[in-house]
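In my numbering, the protein residues as written are 1033 to 1356.
Even for Gly, the Cβ is constructed at its ideal location relative to N, Cα and C.
Predicted, not measured: the structure shown is a model, and the values here were computed from it.
Here is the structure we will look at, set down as structure tokens.
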């Protein structure tokens, strides 16, 4: 019986904190011993630096090339900075750095000094890019501005998180509040952003606030895609009296792992029949879900299949072969 370990969906901030705190295994050193370990760390550090710089450039393009010339805003600390800049006339590059400082300090105590240092350097780089780099205004169409401004900003945030930092301190605050008060991180971020867009409707205009919400949704979806990518996973629990054939389909044809466990069926409309049956648990990519369910139906049209979205996995066979 093959085992495949699923990981339940987590917030972006928790995923980032987990990535930053992964220990290096002392029992399985990389090939080449200490030299291989040093090369691996150097390569990882260079990759993170490239991701952070790419994130800064993309976010600056989204802000200066799309959102700022049309007074559209984003959610989070970036949105607060843009609102304050509009009202006070203070440079956005200054406000983004200053307003994020309390959240960086909070991140130092909540997520560690390494995370806080990377975040500070990333936000300083974004502040400098907004101050120094010039981008042309690419379009006057408000819908395109909202969609693509959000896209480039979200791509920047996602790439920065891939590199181990963040461009916005809101999620750090949400992690802290969620540990002190009831409610999920997502709920807290949503409440903060509702307040920001409500103020935007009052300070700017309702139309501008609505376009800003569209830009925020575009950014949020892009961040999710950058972090999760096309390799989004779906877990399936399959209950069938043809479990052997279905397990062979999963392991031999798809080359995926499967966990088989015994359960008792018969507590539905047919009464307490207490029929022993095997249930199969597996995780596949979303590209394989349709073909797998068709194959299962061909083997057993009466099979009971439950599907759930999975944001990421660790271990098992799920990442050991290429996507179709």
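The alpha-carbon of residue 1125 is positioned some 14 angstroms away from that of residue 1105.
Here the C-alpha atom of residue 1156 lies approximately 59 angstroms from the C-alpha atom of residue 1297. With a cutoff of 9 angstroms on beta-carbon distance, residue 1259 and residue 1286 are scored as not near each other. The distance from the Cβ of residue 1332 to that of residue 1267 is about 19 angstroms, inconsistent with a contact at the 8 angstroms cut-off.
Around the beta-carbon of residue 1189, 16 or more other beta-carbon atoms lie within 10 Å, marking it buried. Shortest Cα-Cα distance from residue 1225 to any of 1206, 1213, 1081 and 1214 involves 1206. Taken through DSSP and simplified to helix, strand or coil, residue 1297 comes out as strand.
Taking the CA atoms as reference points, residue 1162 sits about 6 angstroms from residue 1092. By the CB criterion at 9 angstroms, residue 1254 and residue 1107 fall outside the cutoff. Between residue 1251 and residue 1185 a beta carbon distance of about 5 angstroms is seen, short of the 8 angstroms cut, so the two are scored as contacting.
Collapsing the DSSP output to three states places residue 1311 in a strand. The DSSP-derived three-state label of residue 1316 is strand.
When DSSP reads this structure, residue 1208 sits in no beta bridge, so it has no partner.
Shown here for residue 1127: same chain residues with a beta carbon closer than 7 angstroms to its own, the five before and five after excluded, namely 1113, 1116 and 1117 in chain order.
The Cβ neighbour count for residue 1075, taken over all protein chains shown within 10 Å, is under 16; the residue is labelled exposed. Separation of residue 1110 and residue 1097 (C-alpha to C-alpha, rounded to the nearest whole angstrom) is 15 angstroms. The residues 1106, 1107, 1182 and 1225, in chain order, have a CB closer than 7 angstroms to that of residue 1248 in the same chain once the five nearest residues on each side in sequence are set aside.
Annotation for residue 1272: the continuous beta strand (DSSP E) segment containing it runs 1265-1272. Looking at the backbone, the Cα of residue 1100 and that of residue 1148 are separated by about 27 angstroms. The Cβ-Cβ distance between residue 1310 and residue 1293 falls below 9 angstroms. By the CB criterion at 9 angstroms, residue 1245 and residue 1275 fall outside the cutoff.
DSSP places residue 1098 outside any beta strand (DSSP E), giving it a letter other than H or E. Cα atoms of residue 1165 and residue 1195: separation of roughly 22 angstroms, rounded to the nearest angstrom. Your pair residue 1208 and residue 1138 checks out as a contact, with CB atoms roughly 6 angstroms apart and the cut at 8 angstroms. Around the C-beta of residue 1341, fewer than 16 other C-beta atoms lie within 10 Å, and the residue is accordingly described as exposed. Here the alpha carbons of residue 1219 and residue 1174 stand approximately 29 angstroms from one another. Taking 9 angstroms as the cut-off, the beta carbon of residue 1180 is found closer than this to the beta carbon of residue 1170. Buried is the label assigned to residue 1290, since at least 16 other Cβ atoms lie within 10 Å of its Cβ. Residue 1277 and residue 1307 have their C-alpha atoms some 19 angstroms from each other.
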